[in-house]
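Scroll down for the structure; my scribbles are underneath it.
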Amino acid sequence: MKDLITVISARYLFDYTLELTFSDDLQAEIDFTNWIKKYPFFKPLENIDYFKNFSLDGWTVVWENGADIAPETLHEIARQKQQLKAA
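The sequence shown begins at 115 in our numbering and counts up by one.
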């Protein structure tokens with residue numbers, strides 16, 4: 115069975131970007147702008163102070179309105195960014 119990947123730390127960087135560290139030690143800067151612009155559920159996060167008020171729920175990053183993104187999705191983005199850097 116494949117180990118579940120979780121977000122173990124998150125730090126606000128700038129704009130709508132967080133630095134995430136995953137349970138397999140992968141670390142990446144993730145820009146949430148596209149989710150905020152594309153999905154109505156993320157609309158409250160346009161307020162930067164609201165965006166900055168995130169927490170970890172043991173699996174991923176979550177906001178007060180319940181908005182979250184699956185850790186597997188975030189990890190895949192982080193992995194792709196790492197591969198692009200290495201290329």
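Each residue gets a CB set at the ideal place from its N, CA and C atoms; glycine is no exception.
- For Tyr-164, the uninterrupted alpha helix (DSSP H) segment begins and ends at 162–166.
- Sequence-distant partners of Ile-150 (beyond 5 residues in either direction) whose C-beta falls short of 8 angstroms from its own C-beta, in its chain, are Tyr-130, Phe-156, Lys-157, Leu-159, Glu-160 and Phe-165.
- Judged by beta-carbon spacing, Leu-132 lies within the 7 angstroms limit of Ile-144, meaning their Cβ atoms are closer than that value.
- Under DSSP, Gln-141 takes part in a beta bridge, and its partners are Thr-135.
- In this structure, the CA atom of Trp-177 is about 32 angstroms from the CA atom of Ala-200.
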